[in-house]
Each structure stands twice: as structure tokens, then as C-alpha cells.
Amino acid sequence: MSEPEEPEFRIAFDGVSLKRGERVIFDGLSCGFPRGRVSVVLGGSGAGKSTLIRMIGGLQRPDSGSVRVAEQDITGFSERELFKVRDRIGMLFQGGALLDSMTVAENVALPLREHTRLAEMDIESEVDRRLVAVGLSDTGHLYPRELSGGMSRRAALARAIVMDPEILLVDEPFSGLDPINVRRIEALLVDLNRHLDLTLIVTSHHMASSLRMADRLVFMVDGIAIAGPPDDLLKSADERIVEFLIAESDSFAEHHELDVTPLMDRRTTPDRRKNS
Amino acid sequence: MIENMGYRSLVVLEHLGKIAQFALRIVVCLLGRPYRIRRIVADVYDAGVLSLPVVCLSGVVVGGTLSLLGYTTLVRFGAEEALGALVGLSVIRELGPVLTALLVTGRAGSAIAAEIATMVTTEQLDGLRMMSVDPVDFVVSPKALALLIVMPLLAGLFIVFALMGGYGVAVGLLGVDGGSFMASMEGSVKFWNDVIGSFSKAITFGALTGLIATYRGYISEPTAAGVSAATTGTVVVGSVAILICDFFLNGFWGV
């Protein structure tokens, strides 16, 4: 599918290839993520969703091609140069990646202590403000090991946004969470995007949340990306997308007993839904 | 086979180069601001204070054993007054720094390697990078420096406890005269050559253990097997490196 006209890409991949051993992860991948929008990256396990996000943060370098972040090609950047780019980026890792030797409050305060000259009192009030925003007001004194999965991810979110980033990368925020926590984190992310005008990039294979949140969907298939507005892609006849949607809607229907007939109508293979 | 040996030699050389680079990064981080005093103190506590029981207990036992063995040999020649010199010289020159280094590598070095490797596995180091914080500066350098600081202190403590153990067994158990035990030790141990030499050995071993433990943790694979390999690698490579280094220090400088 050709890339539709977009207003402005904050992040752009151009002909990016990456191999891990003999396995091809990206094969000339090109796609863009518009400023101030929620882009959801979808794809099966091993499709390279997390690698894509890590590349935006400069944690992974491509074998060839270029990655532009905030008008800069970061492909050849040194670690020091990447630090400057990362000042504009917040990242929420799948496991939270909170430092387990520090309390939640110390974790959230870490970027402020490292990069600002704020007084201790101001840092504390800023940390409190962020923890309240993610619904964790009374947990500052706890260590990450004392938090549940959902709480841990919200604490990590507080840390990711404490420096007011322009771009927020979120890796699999919903995996392993119960439906209440999924809704809670989804609402938090959407709120952040609306109020702070964040460019939000979320990887997920949680179809329902993705469709609710996304201004733009990016499907990772066979080492390339197929991107566009959700409505266009959901109507797409591209069999790789249809295949993915059917597989996801199967499991979605099984677990939630919802009507997904609009998706099912486009299936090309015999009905595989157990509960139909 | 020759091809295999060549390949392995290249791998070892590559690692040596990377370790040298890594050591340089640690030194640069330690010299530059911020100085991270609180993290260094916390790591000194973890590596040092928590190693105290094992080091003190081993010291007493090693000193006592040396007295027992030395006495059985010396008494045949009627030279049991020289027991103080034997215990003092062996403990201060050789056993103190070497055994302490081996104990600390097993106790604190492996713990440091496991902690850093776990941080790699749980993406904590990547988390720091994404906050524009250099993990070598924030996590690695304080731990490496902590081992460098605690090693001579623990070696000193090991020596004191070993001398106490040796004295206790010699005087209390074997009936050697306390005065002649101390006099023979005082007469044979030279401050500059033996005590300062022992101190420099301990510092060298501290730097070596700190470097190997942090490097092994830092380059580990982000898996459970990676953590285990980092821990084992630290103890094995660290211990062998200490013994080899000790040989060269003794051989070249007579330390």
C-alpha cells in the first residue's frame, strides 16, 4: 500500500534493513509517525515491533537505511549525540525497567536529579504530581518489587513523562494485564497525547485497545511496514493485514464474546471461530 | 585444530581490547562530574561490610592452620621460635591479599556481576540510556571503585585476624612463648617491602576483580543463562586472573 499524504512525520524510517544472524527482521522498511498523533504498531510475535521502537531510541542500529527522529538522521550518531536526541524522548519498556535498588519516587526523580538543577523540594513536588497523574499517589516509598504489574508500568510511565518529552515510545503496555488495568493505562496514554500533544508510538497486539487509541496503524509484516489511518487499513484487501486481523479477532471474540462480524465478513478461509 | 586455536586467540584478544576500553571508560567516568559519592558508599557497604564475616572467619582459620602446620615442621629442628616469622611473612606477603581477593571475588564480585547482568536482562540499563544517563557512569563505575576501595581494607582485616588466629593457636594450644613469637615476627617482617607490598597487591587485585566483575555483567546476554554465565565467568576468570597476576607481581617486583 502506498504511503498516504501525511502532514508531518516526527519520526521516519527510510529503507531500513536489519538481520539477526540469518533471520531478516527488517527488509527495506519505510514508514513515518506523524507529530502529535497516536500511532499503534501491530504485528505478531517476532515481527520486530520492539526492535522498531528500540531503533527510534537509538538502542538498536540498522544494518542499512536511515532513521530520522525530530529532523535528525540518528543512524550514525555516537552515544553522546544520542543522549541529546533522547532528551526529547520518553520510553516505557515492557517490563517497566524501573531500577529495583531505588524506591518508586527515587526512580521517577532520577531524570530530574540527573538533568536539572531543581531544588530537592521542587523535585519532590514534581514527582508527587506525576505519581498522582498516573494514580499512584501513595506508592512513592515502595520498591518496584512491591508493586503489581499494572502499578509498576504506571510508575514507569510517570518516570517516562517526568521530563515532558515530545515523543513517547511505549512497548507492549497491555501485555499480561487484566482488563481494568488495560483500560486504565490506555486512558492514561490517550490523556497524555491529548493534553501534552505528545507524539505517541505504542506497540501492541491488543487489538481492541489499539483500535480505540490509534490515529494511525502500522502493521509489521514480512520485514516491512504497512501504515495508514485505521479506517483505511481495516478495509484493506491486503491479505497479510486481513490474515492478522482475522487471527486477532478470533482470539478477541473468544475472550470477550463480542460481535466482530464486520471483520469476519472479509475472511477468505473457512470460519475457524469456535464460539460462532 | 590450528584454525580453531587461531579463532580462540582472536576472541581472547578482542575481549582484552574491549576490557581495556571499558577500563578507560570507567576511569573517565570516575574522574568526571558528578562524583556519585552516595552510590559509591552504598556499593562499598554491599561489597565490604557484607564480606566482613567471611573474611574475618577465614583469616582466623588460615592463621591457625599455618601455626599448626608450621609448628610440626619447625619443632623437628628446634626452631619453633621462628613460628612468628613464618606465620607473619606468609600471611602478610602472600596469603592475606591473595585469599582475600579470591574470597571477595566469590562473595562480592559474583554478586556485582549478577546484579549488572540482571539489570541488562530486565532492560534497566537500556532504561538509563533512554534517560540519557550513561550506565557505565551510573552503575558500573561506583561498583568497580567500591571493589578497589574494599580490597585493601579487607585484606588488612584478614591479615590481622590471621595473625590473631596464628598467635592464639601457637601460644594457647602449642605452648610457644608469646614474646618470642612476636619478636620473631617483628624481626622478619619489613614495613616497606612486606606491608606496603601486600597493600599494593590488594589494590591491584581490587582493580582486577572490579573490572572483571563489572565487564562480565555488562556484556552478558539478556537471558537467565546470561546472568548465570556472567556470575560463573566472574568467579572463574577473576580467580585465575588473580593467581596469574600474583605470580607476575612476585616475579617481577618481588612484592
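Protein chains in written order, with my numbering: chain A, 136 to 411; chain B, 1137 to 1391.
Beta carbons: idealized from backbone N, C-alpha and C, even for Gly.
In this structure, G1342 of chain B lies away from A1249 of chain B, with their beta-carbon atoms at least 9 Å apart.
No residue range can be given for S310 of chain A, since it is assigned to no beta strand (DSSP E) and is classified by DSSP as neither H nor E. Pairing A1215 of chain B with T1208 of chain B, the inter-Cα distance amounts to about 10 Å.
Remark: C-beta atoms of A268 of chain A and G225 of chain A do not approach each other more closely than 9 Å.
Closest option to L164 of chain A, judged by alpha-carbon separation, among A:G156, A:R170, A:M190 and A:V173: A:M190.
The three-state reading of DSSP puts V262 of chain A in helix, counting H, G and I together.
One finds T1258 and E1259 in chain B with Cβ atoms closer than 8 Å to the Cβ of G230 of chain A, taken in chain order.
For a cut-off of 8 Å, the C-beta gap from T238 of chain A to Y278 of chain A is around 6 Å, short enough to register as a contact. For I224 of chain A, the nearest beta carbon of chain B is closer than 9 Å to its own beta carbon. Here DSSP, grouped into helix, strand and coil, assigns S1268 of chain B to coil.
Between G1224 of chain B and T1345 of chain B, the alpha-carbon positions lie close to 25 Å from each other.
For H250 of chain A, the chain B residues whose C-beta falls within less than 9 Å of its own C-beta are M1267, S1268 and V1269, listed in chain order. Residue-level contact by beta carbon holds for D1262 of chain B and chain A, with a gap shorter than 9 Å. Boundaries of the alpha helix (DSSP H) harbouring I1252 of chain B: S1246 to T1257, taken from the DSSP string.
G171 of chain A and A1291 of chain B have their C-alpha atoms spaced approximately 59 Å apart. Residue range L1188 to L1210 is occupied by the alpha helix (DSSP H) that includes V1190 of chain B, with no beta strand (DSSP E) assigned at that position.
Contact annotation: S1375 of chain B and A1253 of chain B have beta-carbon atoms that are not nearer than 9 Å. Interface flag for F218 of chain A against chain B is set, since a Cβ pair is found closer than 9 Å.
Counting of Cβ neighbours within 10 angstroms places Q1260 of chain B among the buried residues, the total reaching 16 or more.
The residues G1195, in chain order, have a CB closer than 8 Å to that of V1296 of chain B in the same chain once the five nearest residues on each side in sequence are set aside.
Taking all protein chains in view, the Cβ of E321 of chain A is crowded by 16 or more other Cβ atoms within 10 Å, so the residue is classified as buried. The DSSP-derived three-state label of Q1260 of chain B is helix.
With a minimum length of 3 residues, the unbroken runs of beta strand (DSSP E) contained wholly in the segment 356-386 of chain A fall at 359-363. Per DSSP, R158 of chain A is one residue of the beta strand (DSSP E) stretching across R158 to P169.
Think of a sphere of 7 Å around the beta carbon of P308 of chain A: no beta carbon from chain B falls inside it, the nearest being about 14 Å out. The secondary-structure analysis by DSSP pairs M226 of chain A across a beta bridge with A:L304. Flagged as an interface residue toward chain B: L194 of chain A, by a C-beta distance shorter than 9 Å. Around V204 of chain A, the same chain offers I146, I191 and V220 as residues with beta carbons nearer than 7 Å, after the five sequence neighbours per side are excluded.
Judged by pairs of C-beta atoms under 8 Å, the segment 247-260 of chain A does not touch the segment 308-322 of chain A, as fewer than three such pairs exist.
Between V175 of chain A and N328 of chain A the beta-carbon gap is near 11 Å, outside 8 Å, which marks them as no contact.
At a Cβ-Cβ threshold of 9 Å, L234 of chain A and L245 of chain A count as neighbours.
The segment 1271-1279 of chain B makes contact with the segment 1156-1164 of chain B, as at least three CB pairs between them are under 8 Å. For G1153 of chain B, the number of other beta carbons within 10 angstroms of its own is below 16, and it is reported as exposed. Taking all protein chains in view, the Cβ of H340 of chain A is crowded by 16 or more other Cβ atoms within 10 Å, so the residue is classified as buried. Membership of L335 of chain A in any alpha helix (DSSP H) is not indicated; the residue belongs instead to the beta strand (DSSP E) covering T334 to S339. Excluding its 5 nearest sequence neighbours in each direction, S1324 of chain B has C-beta neighbours in its own chain below 7 Å: A1221, G1224 and L1225, listed in chain order.
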